[in-house]
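One structure is given here, and the rest of the page talks about it.
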Ligand SMILES: Nc1ncnc2c1ncn2[C@@H]1O[C@H](COP(=O)(O)OP(=O)(O)O)[C@@H](O)[C@H]1O
Ligand SMILES: [Mg+2]
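Residue numbers (this note's numbering), protein chains in the order written: chain U, 1 to 738; chain H, 739 to 963; chain R, 964 to 1042; chain P, 1043 to 1121.
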């Protein structure tokens, strides 16, 4: 009985400044709470405010800026604001997708942190009625030499795989990067993609009075209490003390929950449904009520608990995984319960919708907390934080001043570097083939997933460019979107929409806030110009330690459509003596390039410029060529420039290439390693050259005929000649010896 | 022919195998683990996945389910039984197949296409394959490291009960071509009567050229002979 | 009544996990490590007053589910 | 010198395996089972004559590698 006493006492406990601070609330915000309540909150209520008003749930620092994003388009069925975005891919099929961060938990406990990150994003997708069909991830680690990196890498990769493999959804693409900026704060972003019938989409908006609010899934334990506030707090020495809040994932239960939910969704029992993610029961119930402009009353005694003597405070703030809240139509309880019984899951009516517009919490027949919904949602604080513009200058790099190296040497350095090494050490730990619709696994510019039982497919990819974003946030923001768009195009897909995970440092720092605002500006411009809207996303601030913030790292996840899939297009050379065309203009931009970074450790200067007009024209023309079946393989040119892209095309096939030296730009390093944007390499049949050239000319595309494919060797006339075998070895050594 | 796919909580290749079976002209039905009777069937498939989350030992808990008793009865009466991946693990847990599957030697989940050699093509499951044919089939498992006692190995060899071995492209069977540490590179085995086949690789993933190849097709079509 | 059950791999069964752990520890400088073998542990509470009955029940749990007798040995301790 | 290390999940940490095992045992008719929690076990042999030094070394192995201190507790027994 001791703990019941604690719970009663604690609710009545006087709220001191220290308690307020512990809840991550500013004193100013506490005043505001009192104003909204017209009284002092009790501890339970304070906990609820702290969960709802923290950065993670309220988006208080980002909201004013997120509004500016481009989110519209005729393909958009649901933009940001729901559990996930939804886009139309024709014939009553829709794709549901979203990306989310789990950075802080993964740093503390990499396996469980990454695993529960995957679990959380999957729930966002199947909550909307979609069957998940693919998982992606973007993971960023500190320098490989840093003492923690290796075990974090191991833990995160096995955590991502552990969850996805067990639940049986293929993990098909991602990115794995290393940079010392993440030494003390890794990034783990997971993206899930699902398929749903357009007329069977479920939303979180509550409707109707006196409807049953049902709790389904796992039992509630004491895990992750204050997880949401942790995700919004900067790391410091004492974060070790916050450790017990990590959650343990149970992919097995999630699989059951997913199947049970999808089964229940076959008829019309569900009015609205919401997963319990960050801030668990609190945020799910408040969100549903807020969207429906209703009140909600919960009887906390009924919450299925895993531990004895759990308090209302613990129940409301627990972040136990694999749980959902459902609002049911009248008289559907029995039928619904039968489904959850079949899957051995808890199913309990714990409350009902009301007309009070309050969140009302009862325990032992007493009201233990009551808060107006709007105070938690629409009246949550919004900050237009101060920010400053990034000023960056071009850095004149005179190659003559640098130590002389050979092209071959520079290429090997790049191909064998951790960031460019082949990722099969990672991807072999993921089941990429389960569900039998993975047409193209990871290794190409984008993965291709067939829509089950149809002859159409989607392409998916995630990208980021932290170095570019750091040096010039607007350009960097544009560049990530463009690279994503290019990666979809090179596999033959028409880019449809994106989701974004905005990983930034401390927003109370003006520079960081500036990076955020300007990256977003870049993303917006690119999206608008390309007609490539944002339909979902997530913001993760406070990535950093002791005032050292990470590089701004917006991660973009894109989805494209392949209307009729005949064969998957990828970047492996297909035959010898095919012509290689370089699409797009090469200026030889080396600032911020891999070439300078890997060979000379030079990090200064501006990223390559983005010309959206060229970007769009080049991309759209490429789609035309692909639709006419004129392209045999294609690859976009990104980090590492032309030569790296060509090497990748060789490594992944049995063929190499013979490339001529450039006719115009004379500096070979600039030509081969420059990272100018909007460029692609395409392989075409010699017989098709006239047709291809005509289309390119008709569309005013700049292109160069750079050489042709050949057997087994990658070659630049008079400069280098390496066998594919050796290239493969160079590209595959790093992970295996790390 | 009629086939039945047993579905456990956590099975996740059940849909994949069902589709492959239907494509290969089986009349297939799904059987939920809580059922106590098997429908009339010529082939029982225990599919891959993570039944019961692979908790305790992979396959251990499914090995105690209601329906498994029926599978054992049917198998003992000669019904054809195919266990794939987790299904293989379950069959060893029930004792229908001897031996066990330990953690992969690198302690990691492995998903990739591997080469297999058909070791015995005189069985209900493999008669459509040429002798020593080399197949490329996908594996996806944490615990595929086949282990058994010396007597059983002896029996497997003497009675020709090894179905598939891991090999390289050229058919060499050695440590380099052994992805998970399995004893003697064993990827799949039969019981003494050869009416039960357990294998770690996923033939159901290899019946569609667009997503992989068709190296799994003959396993299913063999069953019609 | 509470019991602790320790399950170990049989001597002649390969223990890849133990081996990797051992190598890692040695690489970390724990040179005095002679051997390490990994196993499982269960803490089991049964509602039973008679110790020998209780132990029999735990033994049954081991034999019927918890232990794979082909590769594992086990010991039961009262705690 | 030989030690037995028992690693258990901290109280309040979700034990999905234990849960499934418990349900299965109950379904199999072991109705007296009150609770079961799964953990790990290591049998460690160190080349060391002094018990307290040996114990310190094993403790270090636990802290540095074997135990995930965030979610697990451990105990060391001399055997
Ligand atoms: N963590 C990961 N999970 C899945 N796939 C990954 C991961 N990391 C890298 N990959 C895959 O490796 C390939 C190369 O990645 P990357 O160099 O980032 O490609 P790109 O430059 O085309 O975006 C891609 O196919 C990508 O999907
Ligand atoms: Mg690319």
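Glycine residues also receive a C-beta, built at the ideal position from the N, C-alpha and C atoms.
On a predicted model such as this, the values are computed, not experimentally measured, just so you know.
Hey, would you say residue i sits closer than 9 Å to residue j, going by beta carbons?
i	j	result
residue 414(U)	residue 719(U)	no
residue 633(U)	residue 715(U)	no
residue 736(U)	residue 387(U)	no
residue 884(H)	residue 949(H)	no
residue 132(U)	residue 258(U)	yes
residue 967(R)	residue 1041(R)	yes
residue 429(U)	residue 875(H)	no
residue 188(U)	residue 1113(P)	no
residue 871(H)	residue 895(H)	no
residue 473(U)	residue 552(U)	yes
residue 918(H)	residue 890(H)	no
residue 924(H)	residue 819(H)	no
residue 788(H)	residue 255(U)	yes
residue 638(U)	residue 483(U)	yes
Comparing the CB of residue i with every heavy atom of ligand 3, is any distance shorter than 8 Å?
i	result
residue 901(H)	With respect to small molecules bound, the structure shown includes ligand 1 and ligand 2 and not ligand 3.
Here's the rule I'm using: 16 or more other beta-carbon atoms within 10 Å means buried, otherwise exposed. How should residue i be labelled?
i	result
residue 989(R)	exposed
residue 43(U)	buried
residue 1108(P)	buried
residue 143(U)	exposed
residue 1015(R)	exposed
residue 271(U)	buried
residue 627(U)	exposed
residue 391(U)	exposed
residue 747(H)	buried
residue 1001(R)	buried
residue 547(U)	exposed
residue 1050(P)	buried
residue 793(H)	buried
residue 860(H)	exposed
residue 382(U)	exposed
residue 593(U)	buried
residue 39(U)	exposed
residue 738(U)	exposed
residue 1025(R)	buried
List, in chain order, every chain U residue whose beta-carbon is nearer than 7 Å to that of residue i.
i	result
residue 848(H)	428
Name the chain R residues whose beta carbon is nearer than 7 Å to that of residue i?
i	result
residue 834(H)	Those do not exist, as residue 834(H) stays about 13 Å from chain R at its closest Cβ, beyond 7 Å.
residue 838(H)	1031, 1033 and 1034
Run down chain P in chain order and give the residues with a C-beta less than 9 Å from the C-beta of residue i.
i	result
residue 307(U)	1053 and 1054
residue 248(U)	1051, 1055, 1056, 1057, 1058 and 1113
residue 1019(R)	Within chain P, no residue comes near residue 1019(R); the closest Cβ sits about 11 Å away, beyond 9 Å.
Under 7 Å Cβ-Cβ, which residues of chain P neighbour residue i?
i	result
residue 1042(R)	Neighbours of residue 1042(R) on chain P: none; closest Cβ ~10 Å, over 7 Å.
Could you work out which residues of chain U lie near residue i, taking near to mean beta carbons separated by less than 8 Å?
i	result
residue 921(H)	Within 8 Å Cβ-Cβ: nothing; residue 921(H) doesn't reach chain U, min ~22 Å.
* Closer than 9 Å, Cβ to Cβ, to anything on chain R: give me those residues from the stretch 1102-1119 of chain P, in chain order. => 1102, 1103, 1106, 1107 and 1108
* Asked: Between the stretch 970-997 of chain R and chain P, which residues of the former have a C-beta closer than 9 Å to a C-beta of the latter?
  -> 970, 971, 981, 984, 987, 988, 991, 993, 994, 995, 996 and 997
* Counting pairs of Cβ atoms below 8 Å between the stretch 487-495 of chain U and the stretch 456-467 of chain U, do you hit three or more? -> yes
* Asked: Going along the chain, which residues of the stretch 783-807 of chain H sit with their C-beta nearer than 8 Å to a C-beta in chain P?
  -> 790, 791, 793, 794, 799 and 802
* Asked: Is there contact between the stretch 663-673 of chain U and the stretch 575-583 of chain U, where contact requires at least three CB pairs shorter than 8 Å?
  -> no
* Asked: Do the stretch 529-545 of chain U and the stretch 82-100 of chain U meet, that is, are 3 or more Cβ pairs less than 8 Å apart?
  -> yes
* To do: Could you run through the stretch 864-883 of chain H and flag, in chain order, every residue whose CB is less than 7 Å away from some CB of chain U?
  => 876 and 878
* Closer than 9 Å, Cβ to Cβ, to anything on chain P: give me those residues from the stretch 99-129 of chain U, in chain order. => 108, 109, 111 and 112
* To do: With 7 Å as the limit, tell me which residues of the stretch 208-224 of chain U have their beta carbon closer than that to any beta carbon of chain P; keep them in chain order.
  => 221, 222 and 223
* What residues from the stretch 1083-1096 of chain P come within 7 Å of chain B, judged by C-beta to C-beta, listed N to C? -> Here chain B cannot be found, since the structure's protein chains are U, H, R and P.
* Using a Cβ-Cβ cut-off of less than 7 Å, give me the residues of the stretch 885-898 of chain H that come near chain R, in sequence order. => 885
* To do: Could you list the residues in the stretch 434-445 of chain U with a C-beta less than 8 Å from some C-beta on chain H, going in chain order?
  => 434, 435, 436, 437, 438 and 439
* **Touch test, the stretch 274-293 of chain U against the stretch 349-359 of chain U, Cβ-Cβ under 8 Å, three pairs minimum** => yes
* To do: Determine, using beta-carbon pairs with one atom in the stretch 135-151 of chain U and one in the stretch 757-770 of chain H, whether at least three such pairs fall under 8 Å.
  => no
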